[in-house]
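Working notes, structure below.
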């Protein structure tokens, strides 16, 4: 007995929305980063759910890849954050507005 | 439904066993070390000196197993100023919880039959138990690290960081070892692994994993001890340099929880080693219908007895391994931090990888596992 | 998976997700995130994606998040005091996100997503089937991903490591040489 | 007159081009680094090698049956549809003569330059240009088709510009260089148009190439009209390159270049390119009597006017420049009246003696430390003996004293002019002969005779030039003395061997009017002697006389001195209006106002627009993300729409 697909999709959509919200409203880069991870997981959930309903492994494989990429992204992203912090002594998104006219 | 209930009971039983093993280790800490170091050790607080009257040697069981716990759990629960209350309280249980829930996947016996119904003696017959182990152990990191961080104390924080780094590093070695084992048995199911270790080679040698994966055994043993942060890997606690490391700011029940975690982890590691390498509940030459001795003689046994024998054998093996780790604890000095990392990354990990390669090669060539 | 369990997990994941967004202390956010990940992992397992679920717990919750933890420690981040972010951004951001959520619901809930589902084949989501798929039709992607990881490691090291004393001296020497050449 | 021409491939031609090319590369890339020694060896060396190769080619030509030619095809150059031009070299007797002149005279002038430019810091650059010039000139004369000839044509123009403005730090010199270049452009426009005319005519006849033999073979395709058009246009190019009326104005100013340049480019070789071109296309010009008449007339007039101007010029090189123009006029008179061989003959002799004259003048200037004004010279005879004697020989040659080279060639030309019926032009030519004698000996007398007018401080370091300069003088002196004997009057010894040698290419001169060669020659020579005598009287016997004459005929004198105000005239009718139009209308009106206005307007609009737009670029990631979310909203809405319908 499986959970109805729309529930899962709705859950994933909700988590995704929350992630977006966090990305938009938090000023701490790290927390923004975490919000990104939230979104990733929401999408993963959708993949898994649809994959299992369609009876294919593809969804899971894609999630597998998403995890890998997330790992890489976390490594590099955090390294960048560290180097930024060394240079600017801040992790606040609205203090890091150098790429500007 | 019955399965669920029985499973719950078994789970409770397993956790109970685990905790008791932890306590046994605690006792062994005291008395065993005294034994090794040729001291008297814990010998106080015998109630009414009864044992003395009976002329029994004073094993200091009381003050180890009764007085100390009482003392611990009646102490004041102290939270340092400026500490993060929530996390400070949460940390020990985050540390303890994963270990607890890990016990439930360990098969401690074959099947037992009650009133015509057969139950597997494994609380949670999980078909991906090996992964489950890794997952829970991985989660275990947070308790220690958060505990260190939440104490608002430099020593504690250092201890936490050390603990985190150490556990993460050795998780890799552990994972590699387990992967090799999984390749060998061709299954993630611990019960299946144990079943495969039944029977004998050449008519007399039990088909235990240790004979197939000695290297994996060494890896898993080392990594396991490191995971449980026991000597010689107790840098996170490192009394001489960090006082008590991440436990520094803890007292009473919480500290007890932390210590319990370590001990339970050790017990867990012992169980895993037994499961992976020493045939779990398998008794040499014992089959469902009784002993088939190498000579060819057959001693018939009742199925119930066989099952119980399995459980007992499992416990005995675990105790032996625990004691072995205790020996190690009192034999080896503590590593230096760089030595620790070097050992983890430059020795264990490459060994693990090589082991995986060889194993996979052999498996492919031999066609099929075991 | 029992529907009740699903509701429970959904509640947990949503609450903790909100926790990620709303808490002030980055560490608490991290914890909340970990909880979310674990809940989602269980959901995976409930969807017969056993291996991926455990991987989620091991890799995501067990490793990547520790990375975050380390960074938080390294930067010694404490709770943010005072208002965080721009008010306008918060307001409009919330509105936009609400709109997007509404759209997503409208897009995901309706019946056209009701896929007729007749149970899973044996061994679906087991490590065997995953490996089969992964190493047959996704092999190239898999290999490329390994390269990606390697590159990421190198990049992370290159970005985060402090230059050693000798390197600093070299750098200074270079600059001096440049100036001299410029002077000439 | 179409002869079935046999073409023998010969790598000698390639060698002739190869050596100067190597010289160019060497001097260009290593010259400055390896220093004067290397350059002064390589620069002239390559020319002598080319001379050797040219000699070899000529010897082979001699051995061929008349009418045959050597060819060397490198590769197809242009393949545009059916139009096909090959990069090919072709040497018939005409080219043979030219390459001998170019490489021979050129080689010695290179040698001379080593001494003359010894103290110039841009030694290597000079020889780079010189070799490049030689290369271009050789391409011009060896080209097997009109287009390739044009390449050489432009190449020599470029080198001429580079070398005139060699001392570019002097703005006046640079200006003169540009003047030469621009005036040549005018002519070259004519050349291009002529070429296009030929192409169009030929292509209409189904011939899609410009090879000279092919053109010659299909010359029947030309009507008199088209031929006239083509010829006049080409002649326009010739007037530019060869400094004829109306485009001669650049040549006198070109004298600011180093003297070897004047000798090589502006006397011996480049300026004769026009003559060569007409001779090369003789078959075409023969088709249009009008064109021929124009050529002859222009030549005669140029000869006369230039001569008259030369009479009064005080600057030694100016005198020589105008005499060059005048001599070129002779050549055109020759080719214009159909005596192509005579024209080329004069090209050769003129190359000898005028090159020599310039070199001598250079030697004099060298000795005088850059002084060019003859009124500040005089009595240099004892100081520069070699220069004096060689220059005297050259002067005798140019003033057509019998026996010297100039005599034969000029005689042939005048004879041709008379016999082709242009009696007036003949008269003009004879008159010019007198003028020539007069101004040349005026030059000699003012320079080497009379009492010295040299500033005392220059007097003591007067010195004969180094051997590297004097040797070429001697060689060329010999050449200009006896060089004419290859074309003696008919019947005398080997007769006009030169004309016979060329005849397969330029055909034989077919007189229209009968006349006694001897008589004509006597008249011309007599007039020439008269001029010399007059000069003697004016500048040796009674040196005051010129002043008096000049004072009496003040206006005429002034007019002559100011070269008939031609430059001023051109300024007035061409340069000024051109400047006005370009500056006021094109520059200020169209360029600055309309184009710049539009561009700047657009720019300003964009800038002000972006000044607003960049407000949106806050640099804050979250703002961007917000916009991104809005985009997502849009996309999802669109898909919703799709799903619903």
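Chains as they are written, first to last, in this note's numbering: chain A, 335 to 435; chain B, 59 to 428; chain C, 410 to 593; chain D, 809 to 1453. Where a beta carbon is used, it is the ideal one built from N, C-alpha and C, also for glycine. Please read all numbers here as calculations on a predicted model, not as lab measurements.
Under the 10 Å beta carbon count, residue 1074 (chain D) is surrounded by 16 or more other beta carbons and is classified as buried.
Going by DSSP, residue 589 (chain C) is part of the alpha helix (DSSP H) stretching over 574-592.
Relative to residue 1184 (chain D), the option among D:1170, D:1231, D:1124 whose CA is nearest is D:1124.
Within the stretch 498-509 of chain C, the residues whose Cβ lies closer than 8 Å to any Cβ of chain D are, in chain order, 498, 501, 502, 505, 506, 508, 509. The DSSP-derived three-state label of residue 1173 (chain D) is helix. Counted as a single uninterrupted DSSP element, the alpha helix (DSSP H) harbouring residue 1143 (chain D) occupies residues 1124-1144.
Residue environment: residue 404 (chain A) is assigned as buried (16 or more neighbouring CB atoms within 10 Å of its CB, all protein chains considered). Straight-line spacing of the CA atoms in residue 1244 (chain D) and residue 1193 (chain D) works out to 24 Å. Taking 7 Å as the cut-off between beta carbons, the residues of the stretch 1419-1446 of chain D near chain A are 1422, 1425, 1426, 1427, 1428, 1429, 1430, 1433, 1434, 1437, in sequence order. Remark: C-beta atoms of residue 1165 (chain D) and residue 1128 (chain D) approach each other more closely than 7 Å.
Scanning its chain for C-beta atoms nearer than 6 Å, with the 5 sequence neighbours on each side dropped, one finds around residue 282 (chain B) the residues 327, in chain order. Per the coordinates, the alpha-carbon of residue 1284 (chain D) lies some 46 Å from the alpha-carbon of residue 1385 (chain D). Pairing residue 970 (chain D) with residue 1315 (chain D), the inter-Cα distance amounts to about 37 Å.
Taking a beta-carbon distance threshold of 7 Å, residue 515 (chain C) counts as an interface residue toward chain D.
Annotation: Cβ neighbours of residue 536 (chain C) in chain B (cutoff 9 Å, chain order): 186, 189, 240, 246.
Here the alpha carbons of residue 896 (chain D) and residue 951 (chain D) stand approximately 7 Å from one another. Residue 380 (chain A) places its beta carbon 7 Å or farther from that of residue 417 (chain A). Going by DSSP, residue 146 (chain B) is part of the alpha helix (DSSP H) stretching over 143-160. Along the stretch 348-363 of chain A, the positions whose C-beta sits under 9 Å from a C-beta of chain C are 348, 349, 350, 351, 352, 353, 354, 355, 356, 357, 358, 359, 360, 361, 362, read in chain order. Going by DSSP, residue 884 (chain D) is part of the beta strand (DSSP E) stretching over 877-888. Under the 7 Å criterion on CB atoms, residue 417 (chain C) is classed as non-interfacial with respect to chain B. Put simply, of D:824, D:962, D:1070, D:1387 the residue whose alpha carbon is nearest the alpha carbon of residue 1130 (chain D) is D:1070. Judged by pairs of C-beta atoms under 8 Å, the stretch 1259-1273 of chain D does not touch the stretch 1132-1152 of chain D, as fewer than three such pairs exist.
Taken in chain order, the complete alpha helix (DSSP H) segments of 4 or more residues contained in the stretch 286-323 of chain B are 297-300. The C-beta distance from residue 432 (chain C) to residue 446 (chain C) rounds to 16 Å, too long to meet the 8 Å contact threshold. Taken in chain order, the whole alpha helix (DSSP H) runs of length 4 or more contained in the stretch 847-927 of chain D are 901-924. Shown here for residue 215 (chain B): same chain residues with a beta carbon closer than 7 Å to its own, the five before and five after excluded, namely 206, 207 in chain order. Chain-ordered listing is empty here: chain C has no CB closer than 9 Å to the CB of residue 416 (chain B), the nearest sitting near 20 Å. Partner residues in a beta bridge of residue 378 (chain A), as assigned by DSSP, do not exist. The three-state secondary structure of residue 259 (chain B), taken from DSSP, is strand. Contact annotation: the stretch 872-885 of chain D does not touch the stretch 845-854 of chain D, with fewer than three C-beta pairs closer than 8 Å. Each of D:1008, D:1121, D:958 was checked against the Cα of residue 1088 (chain D), and the nearest Cα belongs to D:958. With respect to chain D, the C-beta atom of residue 429 (chain A) has no partner C-beta closer than 7 Å. Here residue 1078 (chain D) is actually not in contact with residue 1228 (chain D); their C-beta atoms are around 27 Å apart, not less than 8 Å.
Residue 247 (chain B) is positioned such that its CB atom lies closer than 7 Å to that of residue 187 (chain B).
Secondary structure of residue 1423 (chain D) (DSSP, three-state): helix.
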